[in-house]
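Asker: Protein sequences, first through last, are from chains A and B. Going left to right, the first sequence walks through residues 1 to 277 as UniProt numbering numbers them. Going left to right, the second sequence walks through residues 1 to 277 as UniProt numbering numbers them. Let me begin by handing over the structure; questions about it come next.
There are 2 protein chains.
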Amino acid sequence: MELWITEQQNEDVNFTCRVKRTIYSEKTEFQQVDIMETEYFGKMMVLDGVIQTTTFDEFVYHEMIVHVPMLSHPDPKRILVIGGGDGGSVREIIRHKSVEKVDWVDIDGRVIEICKAYLPEWNSTVWGSPLVEQKTEDGLKHMKESQGMYDVIIVDCSDPVGPGELLFTYEFYKDIFGALKEDGLFVQQTESPFYHRELIKRIQKDVKSIYPITGLYTANIPTYPSGLHCFTIGSKKYDPASPVRFADFEPRWYTAKTHEASFVLPRFVEELTETEY
Amino acid sequence: MELWITEQQNEDVNFTCRVKRTIYSEKTEFQQVDIMETEYFGKMMVLDGVIQTTTFDEFVYHEMIVHVPMLSHPDPKRILVIGGGDGGSVREIIRHKSVEKVDWVDIDGRVIEICKAYLPEWNSTVWGSPLVEQKTEDGLKHMKESQGMYDVIIVDCSDPVGPGELLFTYEFYKDIFGALKEDGLFVQQTESPFYHRELIKRIQKDVKSIYPITGLYTANIPTYPSGLHCFTIGSKKYDPASPVRFADFEPRWYTAKTHEASFVLPRFVEELTETEY
């Protein structure tokens, strides 16, 4: 018997890969969680049929969503992660020596428990760390109760459907602004510049209307639709397009030059930051 | 009835898209050629089951394989294209005012005829141009007979299986060296830094052993495996990592800054240029 998993990237495009076995499946209060072992991409975590993270390329996503904002800030101490149930983002954050506390808030505690049990490669260093406090809570609620608290906020959310939908709104970006210190910045994964152009334009418009500095950068993540993914930054003070510090560890993807190059947008992507929505 | 086309990106990964209709199919002397109309990617040309080019993203590939080498050369006049049967590369070359003559050599004349008939969006400007001479010929043979003739050689080939196989050898790179002028350079599409790492390493080693300057750069092409594609340059004199001229036309993807950023390799890709094969 051959076992294959198919992700519907949209109505007209499917991405399919061969599966060795299903490691674990559960329908939580919020979503369907599946942990698969695939032939080519290693382990894979899937939420509601959408590929979230794989052994093959998780390092690109987690390094680029974390190290770009963290190394744009001269001394990030207090960090908030919203989502990121697999633990990869928190793992990368605690590699930074300046960090004193990471609040890690995910609305679905079962995803975190499942990833702790079945994806230890992603998060084993996280669970032993005294810096990390994990809370199963609504990220929006947490934000409203955390005025001026954070240096860096990382929104490591799923697609803007289901539990993640409210994390792509003007109100949410305003609440993040309130939860940041006066020189803080936030980053959010904001889908593909090829597949989700209207969404990205709208987010750019919203973030620009709230933050003095807005950035858009890209990274190559083969198991995400189109293979080109983008990230949006809103910053109160620091320009995220150039690192102010070097990493004192050795990432597999990120370098200081890659940081800068990730903000150099091809014309077709640059358009998303220029056009009035 | 639903019609879908599936590309086997490798044994364990498939890419599938919804098809409106088959526009044309033919088995030539060399390969199976299919022109499809897809829902999401527009028109698509497929050789032996492998996606070559689509309306959706052909501009990225053709701009990046052409404008990077062309704008690294101060005055490219005589150009050779090997392969590139859809005409997109020749179309981009003749946008450069310095060009006096383009020799366009493809071993499979039927592919060129079929693309002329069914993909005029790719190549209609090519057929009216007095600069372009199209020859149905073996690229390797042409190269040996063209000593010191070209400023820029563009190897716009298919994968290193079937007709394209001999275009990825040490001997071929030596023959290109012979066909270039004393300050010439060549570029070749060299697959995905995620999926074809051993191939890229071997090509880097071969090209480095022949050319004084070797470059590797990337571009994002969603319908190619992994979405990240790379290109290898061998140059006798000019550094391809920075343009020496600006384009006097307006590409959709390429900019001078994108040119430079495309040579900034993430560590995971940089490794391919460093490691001894």
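We put the CB at the ideal spot given by N, CA and C, even for glycine.
(1) Relative to the C-alpha of Lys174(A), which residue among Lys208(A), Gln134(A), Lys116(A) and Ile51(A) is closest?
(2) Between Asp248(A) and His96(A), what straight-line distance do the alpha-carbon atoms span, to the nearest angstrom?
(3) Check this for me: beta carbons of Asp156(A) and Gly83(A), under 8 Å apart or not?
(4) Per DSSP, which one or two residues make a beta bridge with Ala219(B)?
(5) Locate the beta strand (DSSP E) running through Thr136(B), then write down its first and last residues.
(6) The beta strand (DSSP E) spanning Glu39(A) covers which residue range?
(7) In chain A, which residues lie with their C-beta within 7 Å of the C-beta of Arg252(B)?
(8) Would the segment 57-67 of chain B and the segment 21-34 of chain B be scored as touching if the rule is three or more Cβ pairs under 8 Å?
(9) Quick one: using the 10 Å Cβ neighbour count with 16 as the cut-off for buried, is Ser235(B) buried or exposed?
(10) Can you tell me which of Val102(B), Phe41(B), Ser262(B) and Pro225(B) puts its alpha carbon nearest to the alpha carbon of Cys17(B)?
(11) Does the distance from the C-beta atom of Val244(B) to that of Leu71(B) stay below 8 Å?
(12) Is Arg18(B) helix, strand or coil when you go by DSSP?
(13) Anyone know if the C-beta pair for Gln134(B) and Ile112(B) falls short of 8 Å?
(14) Which residues, taken in chain order from the segment 3-24 of chain B, show a beta carbon closer than 7 Å to some beta carbon of chain A?
(15) In the DSSP assignment, what are the bridge partners of Asp86(B)?
(16) Using a Cβ-Cβ cut-off of 8 Å, state whether Ser226(B) counts as contacting chain A.
(17) Given a threshold of 16 other Cβ atoms within 10 Å of its Cβ, counted over all protein chains shown, does Ala261(A) qualify as buried or as exposed?
(18) How would you label Glu63(B), buried or exposed, when you count the other beta carbons within 10 angstroms and need 16 or more for buried?
(19) Beta-carbon of Tyr40(B) versus every beta-carbon of chain A: anything under 8 Å?
(20) Strictly below 8 Å CB to CB, what residues from chain B border Lys201(A)?
(21) How should Val126(A) be labelled, buried or exposed, when 16 other C-beta atoms within 10 angstroms of its C-beta is the threshold for buried?
(22) What do you get for Lys27(A), buried or exposed, if any count of 16 or more other CB atoms within 10 angstroms of its CB means buried?
(23) Drop a sphere of 10 angstroms on the beta-carbon of Pro266(A), count the other beta-carbons inside from all chains shown, and report buried for 16 or more, exposed for fewer.
(24) Consider the Cβ of Ala241(A): report whether some Cβ of chain B lies at a distance smaller than 8 Å.
(25) In the DSSP assignment, the beta strand (DSSP E) including Val152(B) goes from what residue to what residue?
(26) In angstroms, rounded to a whole number, what distance separates the CA positions of Val90(B) and Phe177(A)?
(27) When the Cβ atoms of the segment 4-23 of chain B are set against those of the segment 50-57 of chain A, are three or more pairs found closer than 8 Å?
(28) Can you give me the Cβ contacts of Ile94(A) inside the same chain, cut-off strictly under 8 Å, excluding the 5 residues immediately before and after it?
(29) Just curious, the beta strand (DSSP E) that Trp127(B) is in, first and last residue?
(30) Quick check: what's the CA-CA separation for Leu3(B) versus Val13(A)?
(31) Listed in chain order, which residues of the segment 213-225 of chain A have Cβ atoms closer than 7 Å to some Cβ of chain B?
(32) Does Lys43(B) have its Cβ less than 8 Å from a Cβ in chain A?
(33) Rounded to a whole number of angstroms, what is the C-alpha to C-alpha distance between Phe263(A) and Leu185(A)?
(34) In chain order, what residues of the same chain lie with their CB nearer than 8 Å to the CB of Tyr195(A), ignoring the 5 residues before and after it?
(35) With a CB to CB cut of under 8 Å and the five nearest residues on each side skipped, what residues in its chain are close to Glu39(A)?
(36) Report the partner residues of Trp104(A) according to the DSSP bridge assignment.
Answerer: Taking the geometry as given:
(1) Indexing the first sequence from 1 puts residue 174(A) at position 174. The option with the nearest alpha carbon to Lys174(A) is Lys208(A).
(2) By one-based count along the first sequence, residue 248(A) stands at place 248. By one-based count along the first sequence, residue 96(A) stands at place 96. Computed Cα separation, rounded: 8 Å.
(3) Walking along the first sequence from the start, residue 156(A) turns up at place 156. Walking along the first sequence from the start, residue 83(A) turns up at place 83. A contact, by the Cβ cut-off of 8 Å.
(4) If you number the second sequence from 1, residue 219(B) lands on position 219. His229(B).
(5) Here residue 136(B) refers to the residue found at position 136 of the second sequence. Note, Thr136(B): beta strand (DSSP E), Val132 to Thr136.
(6) In the first sequence, counting from the first residue as 1, residue 39(A) sits at position 39. From DSSP, Glu39(A) is part of no beta strand (DSSP E); its letter is neither H nor E.
(7) On the second sequence, residue 252(B) is found 252 positions in, with the first residue counted as 1. Residues of chain A passing the Cβ test: Arg267 and Phe268.
(8) Contact annotation: the segment 57-67 of chain B does not touch the segment 21-34 of chain B, with fewer than three C-beta pairs closer than 8 Å.
(9) Looking up residue 235(B) in the second sequence gives position 235. By the neighbour-count rule (16 or more Cβ atoms within 10 Å), Ser235(B) is buried.
(10) Taking the first residue of the second sequence as position 1, residue 17(B) is located at position 17. Of the listed residues, the one whose Cα sits closest to Cys17(B) is Phe41(B).
(11) As a first step, residue 244(B) is located in the second sequence; it is residue number 244 there, counting from the start. As a first step, residue 71(B) is located in the second sequence; it is residue number 71 there, counting from the start. Yes.
(12) Stepping through the second sequence from its first residue, residue 18(B) is reached at position 18. Here Arg18(B) sits in strand by DSSP.
(13) Locating residue 134(B) in the second sequence gives position 134, where the first residue counts as 1. Locating residue 112(B) in the second sequence gives position 112, where the first residue counts as 1. Yes, the Cβ-Cβ distance between Gln134(B) and Ile112(B) is below 8 Å.
(14) Asn10, Asp12, Val13, Asn14, Phe15, Thr16, Cys17 and Arg18
(15) Numbered from its first residue, the second sequence carries residue 86(B) at position 86. For Asp86(B), which the question treats as bridged, DSSP gives no partner whatsoever.
(16) Residue numbering aside, residue 226(B) sits at position 226 when the second sequence is read from its first letter. Taking 8 Å as the CB threshold, Ser226(B) lines the interface with chain A.
(17) Here the question's residue 261(A) lines up with position 261 in the first sequence. So Ala261(A) counts as buried.
(18) In the second sequence, counting from the first residue as 1, residue 63(B) sits at position 63. Looking at its Cβ environment, which holds 16 or more other Cβ atoms inside 10 Å, Glu63(B) is buried.
(19) Numbered from 1 along the second sequence, position 40 holds the residue referred to as residue 40(B). Chain A contact via Cβ: present.
(20) In the first sequence, residue 201(A) corresponds to position 201, counting from 1. The premise fails here: Lys201(A) is roughly 17 Å from chain B at the closest Cβ pair, so nothing lies under 8 Å.
(21) On the first sequence, position 126 is the one that residue 126(A) refers to. Buried, since its Cβ has 16 or more Cβ neighbours within 10 Å.
(22) Mapped onto the first sequence, residue 27(A) falls at position 27. So Lys27(A) ends up on the exposed side.
(23) Your numbering for residue 266(A) matches position 266 in the first sequence. Flag for Pro266(A) reads buried.
(24) Position 241 of the first sequence, counting from 1, holds the residue named residue 241(A). Ala241(A) does not count as touching chain B.
(25) Here the question's residue 152(B) lines up with position 152 in the second sequence. Element bounds for Val152(B): Tyr150 to Asp156.
(26) As a first step, residue 90(B) must be located in the second sequence, where it is residue number 90. As a first step, residue 177(A) must be located in the first sequence, where it is residue number 177. Distance between the alpha carbons of Val90(B) and Phe177(A) is about 50 Å.
(27) no
(28) What you label residue 94(A) is simply residue 94 of the first sequence in a count that begins at 1. Contacts found: Val102, Thr125, Val126, Ser129, Leu131 and Val132.
(29) Sequence index remark: in the second sequence, residue 127(B) carries index 127 (1-based). According to the DSSP assignment, Trp127(B) belongs to no beta strand (DSSP E) but to the alpha helix (DSSP H) extending over Pro120 to Trp127.
(30) Mapped onto the second sequence, residue 3(B) falls at position 3. Mapped onto the first sequence, residue 13(A) falls at position 13. Whole-angstrom Cα-Cα distance: 12 Å.
(31) Asn220 and Pro222
(32) Here the question's residue 43(B) lines up with position 43 in the second sequence. No, because no Cβ of chain A sits closer than 8 Å to the Cβ of Lys43(B).
(33) Counting from one through the first sequence, the residue named residue 263(A) turns up at place 263. Counting from one through the first sequence, the residue named residue 185(A) turns up at place 185. The alpha-carbon atoms of Phe263(A) and Leu185(A) are separated by roughly 16 Å.
(34) Here the question's residue 195(A) lines up with position 195 in the first sequence. Around Tyr195(A): Gln9, Asn10, Pro225 and Ser226.
(35) As a position in the first sequence, residue 39(A) is number 39, starting the count at 1. Answer for Glu39(A): Cys17, Arg18, Val19 and Lys20, listed in chain order.
(36) Translated into the one-based positions of the first sequence, residue 104(A) becomes position 104. DSSP links Trp104(A) through a beta bridge to Val81(A) and Gln134(A).
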